[in-house]
Structures are given as structure tokens and as C-alpha cells.
Amino acid sequence: MNATSTTSSASESISIGEIDASCRVPLFTLFVSAAVWLVVASVFGLLASLKFHSPNFLSDCACLTYGRVHPAATNVLIYGFAMQAGLGVALWIIARLGETRVAQPWLIAAGAKLWNFGLLIGIIGILAGDSTGFENLEIPRYGVVFLFLGYLLIAFLSLVTFHNRKERALGPSQWFLLAALFWFPWIYFTANYLLLSHTPIRGVTQPIVAWWYSGNLNLVWFGLVGLAVIFYFIQKLMNRPLYSRHIALLTFWTIILFASWSGIPGSAPVPAWIPSISTVATILTVVTVLSVMVNVRGTCARGCSQTESSASGKFIAFGTMAFVVAWLMNVLGAVPGVSSVTNLTWYGVGQWQLNVFGFFGMAMFGAIYHIVPQVTGIEWPSTKSVRIHYWLAAVGIILIVLPLAIGGIIQGFNWANPKMSNVDVAKNALHFLRASTTGELFIMVGNLMLLGNLIGLAVRYCKVHFVPVCKEAIAEVKPAEAKI
Amino acid sequence: MKFGPLVFLAAFLALSASWCGFVLTPQVQLGRAVQETNSVVKTELYPAGRPGLAREGLEVYRANGCAYCHSQQVEQKGTLVDVVLTDAGKTPMDVANALNEAQVGKFSGPSVGAGLPKPILQGTTLEHASVLANALKKAGANTELRLVATGSDIQRGWGMRRTVAQDFISDATVMPGSLRVGPDLANVGSRLPDLNWQLVHLFNPAAVTKNSPMPAYRFLFERKKIGKQPSPDALRLTGEFAPADGYEVVPKPEAKALAVYLISLRSDTPLYEAPLTPPAAAATNAPAK
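Have a look at this one:
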């Protein structure tokens, strides 16, 4: 599969500087919004976690009850931070690998604004009690419309950018991103149209579609985009190509063939064939995990120390490990004997956190810390705070996932013991939850450092690019005024 | 895969397959499910459909995210059979012999007929139960086989059988839940059918369940001065949880709707896909723990 030499007219080659400059507006919009939402998500997450220390904490205000703050936190984390950062990083990788400028950067930024507007009214809706009641899809109809249009605009222009590429042959990162760009509108439209239209589907077909959507979002979309970013950066940081394209192809096919059927829990009150197929498919995703492990190990044959040297490399390395653990936890939780214990417990919540924040989020942090200085031409104001962010995020996510996983397993055994009262089961789980609050706190401080660093960088950028221009303008105006 | 269209084709095929499997096929299989008379009591349509106020209550349940802590899906390990002796017949000696031969306990002739109907063999398989029933029939006795669901959820008293698709077909939003911070609610209406209990529990869970970790939903209630006459809806609160003299706690319409919805959550009708013998028929059925 040797890439034949480019057949495209090699008339004009675009410099890396030009490509990065074209990314500046859309990426800055996407990343700053993502960082703001990330802080919002961690504040909501912390509020929700504090409810387990004192159930009546802020419970007299309807919009701050657990049942509203919790979905607000998950939706902000998914749509505000993770997907938005993912789309930004995807756009940059597509432009860089295609050696072409981003198409219509201002329109992409407008798409991002639409997305953010939809999310904002959606979250306000959830807090006001308009949640749809379907997990990961709580945003009400009026928010969904803007999110969908915003996504279509961003994804369409990303595809145009992809189409304009100078280097025609495709690499693994590009397959993954292309499939992901196409995947989301289909699943999002299907789920929202069937669940929220004027004549929604009825009965258990509703949760089946919601579970199908969640599986496709959490495993397929986050898996494809997260691995695209990890593969791209491992090659870049190690300065060598991926160990095996064929194994990457295996990863790709197993994600789109198996992970797309996962998501329906074994206990679901639906015809048995549905959870059975889903269980088999989920267990088969172990092939995805193994193929990624082999490929990453092969690429870093002489040790991964090179990736560790840069701050981005640390985030990417953590994200890769979190991917392996999160997906293995998912496989383990689907094995029939185990699922009867872990199902409907905090184990699943821990797995979800590890997948979205530990794997996807950390990979995005690594990418953002690498990309933003390149795109703006300005270094991060504080490299120390990047290092601190890494440690806070890494320790924070471990402090969330470990107690939730262990607490979930204990909770599963407790529920299975009919002699133990409901209150006792809940109380036993509370100790673990309270431990996870520390993790939420760490993550929140880390998120604030990312936002602070981004704002600091923006201020520097303005100082470099706008202040001299303004001074010049003022200097030009003044003599003119003096003459009059 | 060197070309964009190939990647698109691969993604398209994979996603179509998954879409046909988990979106289209369930819709074809279940999408037009209607009330059925497939319960054991043939004249009853199931599910009966919720009253209007309960349907409003479902909206309150959805808006406040009750499903993040409470599931609505009872699981079941299997189904076992109890053999109940309903009539010892005219030859109690033969019956006692048959019972002793089957080694289900020691019986002497006259004691067999005492305290009928009584369970003589509990938690066995259908084959075993049939063998015993046939032996007793030969001896002139009448028996009844009772189907009992097993599993920890059932033992907790969360339901009499597992939850099935049919239970949900009349609901606008179906929320089976994904986490059990608190107990399952699939059958809470038959477990706790008292409206005042439900309302007091919503107003202050600790008042009825000691150390309950559930938050109080006071914003669904109004604390006001008692007018000329006390409101008929006022909560019956006692002890430390009672409001100050001259005041009463009255549920807002949302609270009433939610409580009515909770009481309407009953999935104890026997169905072919989840059979059980309804308890009303047996006087000897042990009370749920």
C-alpha cells in the first residue's frame, strides 16, 4: 500500500504557517468555548457530587436538584467540551495532513456559535425541567435544532477542507475522522427525530434507541476521534510512521462493526435477542483494544520516553492508557456473570467518566496544548500550569474512577443480598462517592488552569497583534487632527 | 483504504447494519404493540393505561430526573414452582403415603387435611412438581401448582415478576434507568399504595425512612397558614416533622401528580412472557419481607 507520489499539480505548496493561520479563527472559537464549558461541567459535577454528602444541599431550589444538575453536567461535558474540542482538533489534523488551508474559517466559527447557542438554551432547558428524560440526549428539541445545524456546518466545511487536500493518499487518522464526521449526524438525527418528534416511537423502543445512540456516541464517535488524535500525535511525537497500517485498519473496522452494536445493558426489559447481540458485540470490542495496544507499543518500540518529554505527550500517553482501561472495563461489565453485579451500579458511571474524560478529554488536552501555540504563534503564558493541570487531571480522574468502580462492585453485591436494607446499600456506596468528590475538585482546579492559560494566551495575542495596530492608527490620526 | 469514498462506504455499511438492527427491527417487532389480553386473567386488558393525573406525574418524574437514582426494571433469575395441596380427598392415608414416598416431609394420615390449602413443596422445578402432583392425584388429592419468580430483586419485594416490554407501552416517556442509588420503582404502586405515605416521603424522606439519603422535594409543596378550615389535602405529619401550630403543608399539583404516578406503577399482572400465579388466590402466601 505504498502511497504513490502525489499526482496533484504541485504548482503551489502551502506553507505550514499558512495552514495554521487559516485555522486560527475557528479553532480559537471552538477551544475557548470548550474550555469555558469544561469549567461549567466541573462545577455542575461538583455540585452533583456534593449532594451525596448532604442530600438536602441546595435541594429547595428546583433547578439545582440532583436530577437536573447531573444531566446538565454530563451534557455540558459531552457537547460543550468533548465534542467541541474534538471537532476543533479534527479540523486541524485534516488541514495539516491534507496540506491545505481550512475552507471558510469564519463560517466554521459561525457553526461553532450555533452549536454553543443550542447547547446554552438546552442546558437552561434541562435546569428548568425540560429534560427529555433520555440519557445523553437530555437536551430539549429547541436546543437540538441549533446543535444539529451547527454540527452540519462545521462537519460540511471540514469535509470541504478534506476534499481540497493536496496529499491524496489517506492515513489512519483520516479514516477515523472521516467516519466520525459522518457518524454523528446520522445517530443524532435518528435518536432525536424518533424520540422528540410530535409522534415519538413508543414503549421500550424509546430506551433501545437511546441506548443505541449512547453506545454509538460514547464508543464509536469518541473512539474514532480520540484514536485519530492519539495515532496522529504518537506519530508526530515519535517522529516515525505508525507501526502497522493494517492493524490500524483492524482497529477501524472493529470499532465501526462491533462498537456500533454495543450499549444495550444485559438486564434491559426488552426482547432477549437485543441485549444478547449487544453483549456479544461489546465483548468483541476487546479486539479493538488489543489492536490499539499492539500498534502503540510497536510505534513506541524503543520506549515511550520521547512522548513523555513534552507536556502534550504526557496527556496523550495518559489518554491511551485510559482508553485501554475504559474499554476493557466496558468489555468486563458486559460479560454475563459480571454484568449481573455491575449493571445498574456506580461501576458504569466510573467507566463513562474514564472514557469521556480520562481517554477522550486527556487526548484533547494534549492536542490543544500542542496546537494552540502553533496556530497563534504564541507560547503558553505558563508552562508550569500545564504540568500542574496534567497532574490534577490525572490524579483527579483516578480518584473518581477507582472509588466508583470498587464502590459499584460492592453496591452490586449488596443489592444482590436481600437481607440488606435499601438504606444500608445506599449508605455503603456513599463512602466511595464521597471519595470521588475529591477527584471532582482536582479536576475542577485543573480545568480552571486550562481556561486561565487560554485567556492569558489570548491577552498576549491581542498585545502582539492588535495593540501595535491600534497605536499606529492612533498615531496616524493624531497628526491629522492636529492639522485641523 | 487510500480513498475517501471507500471510507465513506465502509462507515455507511457498518452504520446501516447497526441502524437496521437496533432501530428498525425493534420498531417492527415492538413499535405497534397494543394492550393485550395475554395476561392469565383473560378478560383484563394489559396494561390498563395510566389515569390522566398519573400521566402528568410522569412529566414531573422526567423533569426532576428521578430516573438517575431509581430504575424501573425488576430482574428475575428464573421461575420455580410451589405445590399447594388444596384438597386431601377421601383417602388421606393414601395421600400421606404418597407424600412420604416423595420424601417431602413426614405426614400422618389425619394431619394431611389440616390447614388447607397449604404448600407442601416449595421452590422446585416444573418436572418435580408435576411428578408429585400426579402421584397425589392418583391418591385422590387435589393440588395446585403455583409459579413463583426468583432472584434478589424479587426477594427484596421490588416486584413479583421481571419487567417486560409490555409494561411500558402506554407511557409517553420510558425511563428504565441506569443506576440504582435507591430502590427499584417498577412495582412501587403495589408495594406502597398509600398516597399520604408517598407525599410525606417526597416532602421529607427521612420522616418515613430513617437515614434516607434521598433529598427532600420541598419545592413541590406549600407551607401555609391554616385558613378557616384545614385543607383536605394537607399532609398528615407527626412528631418532629409536623409544621408549627397554625400551619399546614399542602402538596402542589405537581406533587400530587407525581405521587399518583408512583402509585400507578404496578407490574404484577401475570403475562405469558413472565408468568406467575397471582397471590390473591392463595391464603397461605407468606407476606413479602
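Note that the protein sequences, when read in sequence, are chains A and B.
Here my numbering is used: position 371 in the first sequence is 371, and no number is missing along the way.
With positions in the second sequence counted from 1, the corresponding number in my numbering is that position plus 1000.
We treat Cβ as the ideally placed atom computed from N, Cα and C, and that holds for glycine.
- Under DSSP, the beta-bridge partners assigned to Val1148(B) are Leu1080(B).
- DSSP links Tyr1046(B) through a beta bridge to Glu1036(B).
- Among the bridge pairs identified by DSSP, Leu1085(B) is matched with Lys1118(B), Thr1143(B).
- Nearest to Asn1097(B) by C-alpha distance, out of Gly1227(B), Met1214(B), Gln1073(B), Ala1135(B), is Ala1135(B).
- One Cα belongs to Ala394(A), the other to Met362(A), and the distance between them is close to 8 Å.
- Spatial neighbours of Thr1150(B) in its own chain (CB-CB distance under 6 Å, excluding positions within 5 residues in sequence) are listed in chain order as Lys1077, Gly1078, Leu1080.
- The DSSP-derived three-state label of Ala1274(B) is strand.
- Of Leu1015(B), Ala1172(B), Thr1125(B), the smallest CA-CA separation from Arg1050(B) is found for Ala1172(B).
- For Lys166(A), there is no enclosing alpha helix (DSSP H), as DSSP marks it with neither H nor E.
- For Glu18(A), there is no enclosing beta strand (DSSP E); the enclosing alpha helix (DSSP H) has its first and last residue at 16–50.
- In the three-state scheme derived from DSSP, where H, G and I count as helix and E and B as strand, Pro1230(B) is classed as coil.
- Chain B has a Cβ within less than 8 Å of the Cβ of Phe162(A).
- Scanning Thr132(A), Trp253(A), Arg24(A), Val25(A) for the CA closest to the CA of Glu1059(B) turns up Thr132(A).
- Judged by DSSP in its simplified three-state form, Tyr1217(B) adopts coil rather than helix or strand.
- The Cβ atoms of Pro265(A) and Ala1165(B) do not sit closer than 8 Å to each other.
- In the DSSP annotation of this structure, the continuous segment of the alpha helix (DSSP H) that includes Tyr347(A) starts and ends at 346–353.
- Within the segment 334–365 of chain A, the residues whose Cβ lies closer than 9 Å to some Cβ of chain B are Ser340, Asn343, Leu344, Thr345, Trp346, Gly348, Val349, listed in chain order.
- Judged by DSSP secondary structure, Val331(A) falls within the alpha helix (DSSP H) whose first and last residues are 311–334.
- Comparing alpha-carbon positions, the option among Phe233(A), Thr29(A), Ala334(A), Thr320(A) lying closest to Gly80(A) turns out to be Thr29(A).
- Within the same chain, Ile255, Ala259 come within 7 Å of Gly223(A) by CB-CB distance, once the 5 residues on both sides are set aside.
- Taken in chain order, the complete alpha helix (DSSP H) segments of 4 residues or longer contained in the segment 417–477 of chain A are 422–465.
- The Cβ-Cβ distance between Ser49(A) and Thr345(A) does not fall below 8 Å.
- Secondary-structure assignment with DSSP links Tyr1247(B) through a beta bridge to Lys1225(B).
- By the Cβ test, the segment 1018–1026 of chain B is in contact with the segment 201–221 of chain A, since at least three Cβ pairs between them sit closer than 8 Å.
- Thr1037(B) counts as exposed, since fewer than 16 other C-beta atoms from the protein chains shown sit within 10 angstroms of its C-beta.
- The segment 85–92 of chain A makes contact with the segment 31–41 of chain A, as at least three CB pairs between them are under 8 Å.
- When CB distances to chain A are screened at a threshold of 8 Å, the residues of the segment 1013–1030 of chain B falling below it are Ala1014, Leu1015, Ala1017, Ser1018, Trp1019, Gly1021, Phe1022, Val1023, Pro1026, Gln1027, Gln1029, Leu1030, in chain order.
- Given a length threshold of 4 residues, each whole run of the alpha helix (DSSP H) inside the segment 64–108 of chain A is given here in chain order: 66–75, 83–98.
- Note: Thr1173(B) is not bridge-paired with any residue in the DSSP secondary-structure output.
- In the same chain as Leu1185(B), and ignoring 5 residues on each side of it, the C-beta atoms closer than 6 Å to its own belong to His1070, Gln1072, Leu1265, in chain order.
- Within the segment 119–139 of chain A, the residues whose Cβ lies closer than 9 Å to some Cβ of chain B are Ile126, Ala128, Gly129, Asp130, Ser131, Thr132, Gly133, Phe134, Glu135, Glu138, listed in chain order.
- Asp20(A) and Glu99(A) have their alpha carbons spaced roughly 10 Å apart.
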